[in-house]
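Numbering (my numbering) for the sequence shown: 3 to 88. The structure under discussion appears below in the form of structure tokens.
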Amino acid sequence: MKKIRFILASFGGYLLTSLATITLTLGLPFENKAEATLFASMISFMIWLLIILYAFSNVQIKKLFFQLASVCITLFIINNLLMLES
């Protein structure tokens, strides 16, 4: 069971963090995209840490999987909408 949590925390957390970084980069109102990318990259380390801590808390594995999947799908849709606006 801990192996599944580890896999979900590392790969699912990485996917969610990458999507959150893209969303923040596209959505932040900085004039320079380099500043937005730098800020989003710094925030991404905190997001990944929180996902790892949450994965090893007392959460059921099935619930964790569906939560990570739903947030990833939501961020993917938001990214596509933000890219269409640009």
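Heads up, the beta-carbon is just placed ideally off N, CA and C, and yes, glycines get one too.
With distances taken between CA atoms, Ile6 lies nearest to Gln62 out of Ser72, Gln62 and Ile75. When DSSP states are grouped into helix, strand and coil, Glu87 belongs to the helix group. Collapsing the DSSP output to three states places Glu37 in a helix.
In the same chain as Thr39, and ignoring 5 residues on each side of it, the C-beta atoms closer than 7 Å to its own belong to Thr27, in chain order. For the pair Ile53 and Cys74, the Cα-to-Cα distance works out to about 12 Å.
The alpha carbon of Leu70 has as its nearest neighbour, out of Tyr56, Leu83, Asn82 and Ile80, the alpha carbon of Tyr56. Judged by DSSP in its simplified three-state form, Ser59 adopts coil rather than helix or strand.
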